[in-house]
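Peer 1: Supplied in structure tokens, the structure appears directly below.
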Amino acid sequence: MCAKHNAMIYGVADRIEFILGDYLELIPRLKVNAIKEFSQLIKTC
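Under our numbering, the first residue of the sequence shown carries the number 34, and numbering increases by one thereafter.
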């Protein structure tokens, strides 16, 4: 997986959860998590 390899090169692999699956099946759950993570990121900046 190229994305995982690149994340390892740039030292951020430990901050990324790589998910392999059907996009349409996963997006409802991921959308909520992404918004939550983004909100936490904004608070720390």
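Heads up, the beta-carbon is just placed ideally off N, CA and C, and yes, glycines get one too.
In angstroms with no decimal places, state the Cα-to-Cα distance between E58 and I52.
Peer 2: Taken atom to atom, the span from the alpha-carbon of E58 to that of I52 is near 12 Å.
Peer 1: DSSP three-state label for E50, please.
Peer 2: coil
Peer 1: Measure the alpha-carbon distance for R62 versus Y56 and round it to whole angstroms.
Peer 2: 10 Å
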